[in-house]
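K.L.:
If you count by the numbering used here, then the sequence shown holds residues 60 to 174, one letter each, in order. Encoded as structure tokens, here's the structure I'll be asking about.
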Amino acid sequence: AATSACEQGGRWEEALRFLSDASQNSAAFHTTVFNAAISACDKAERWEQALHVVDAMVQTIVELDAVSLGAAISACEKGGVWENAFWLASVMSHSKIELGTIAFNSSISACEKGG
């Protein structure tokens with residue numbers, strides 16, 4: 060709930076701090092907590108931090124889903140890093156995670172912005 064509140068308030072730094080603090084309690088490691096942190100980074104246009112959270116999910120064996128990767132793709136699109144957006148879209152495809160409309164459009168937009 061705290062991470063979601065940070066996401067809605069655009070307070071990405073606090074969302075990441077909460078996520079870090081939650082690492083002390085393994086029960087707190089749930090996909091929705093990570094997703095809220097990634098979404099907060101996306102809204103703040105902090106693509107590097109969004110990718111760090113995706114990496115943390117992989118390292119802690121928390122399942123990536125369409126929300127996780129879609130928000131990370133959107134953050135990469137806003138940051139103009141089309142290679143990362145494209146890579147995340149391919150991860151979705153290989154993981155059998157459906158590439159939703161928003162993630163698909165963000166991927167295309169990132170490629171367009173990247174030249």
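Every residue, glycine too, gets a C-beta built ideally from N, C-alpha and C.
So the candidates are N143, H89, V121; which of them puts its Cα closest to the Cα of Q108?
P.N.:
Here residue 108 refers to the residue found at position 49 when the sequence shown is read from its first residue. Comparing Cα positions, the closest option is N143.
K.L.:
Need the endpoints of the alpha helix (DSSP H) that L147 sits in, please.
P.N.:
Looking up residue 147 in the sequence shown gives position 88. Taken as a continuous stretch (DSSP letters only), the alpha helix (DSSP H) holding L147 covers 141 to 153.
K.L.:
Taking the alpha carbon of D101 as the reference point, which residue from A115, L128, E122 has its own alpha carbon closest?
P.N.:
On the sequence shown, position 42 is the one that residue 101 refers to. Of the candidates A115, L128, E122, the one whose C-alpha sits nearest the C-alpha of D101 is L128.
K.L.:
Could you give the C-beta distance for K137 and W106, rounded to a whole number, given that I count them as a contact under 8 Å?
P.N.:
By 1-based counting over the sequence shown, the position of residue 137 is 78. By 1-based counting over the sequence shown, the position of residue 106 is 47. Right, the Cβ-Cβ distance comes to about 7 Å (below 8 Å), so this counts as a contact.
K.L.:
Select from S152, I97, H153 the residue whose C-alpha is nearest the C-alpha of M116.
P.N.:
Translated into the one-based positions of the sequence shown, residue 116 becomes position 57. Ranking S152, I97, H153 by Cα distance to M116 puts I97 first.
K.L.:
Between the Cα of W141 and the Cα atoms of G173, A162, L123, which residue gives the shortest distance?
P.N.:
Residue mapping note: residue 141 aligns to position 82 of the sequence shown, counting from 1. Ranking G173, A162, L123 by Cα distance to W141 puts G173 first.
K.L.:
Excluding the five sequence neighbours on either side, which residues of its own chain have a C-beta within less than 8 Å of the C-beta of F163, listed in chain order?
P.N.:
For the purposes of this step, residue 163 is taken as residue 104 along the sequence shown, with counting starting at 1. Excluding sequence neighbours, F163 sits near A148.
K.L.:
If we call anything under 8 Å between Cβ atoms a contact, is S166 one with F145?
P.N.:
The count along the sequence shown starts at 1 and reaches residue 166 at position 107. The count along the sequence shown starts at 1 and reaches residue 145 at position 86. Contact: yes.
K.L.:
Since I156 is in the alpha helix (DSSP H), which residue starts that stretch and which ends it?
P.N.:
If you number the sequence shown from 1, residue 156 lands on position 97. No alpha helix (DSSP H) holds I156; DSSP gives it neither H nor E.
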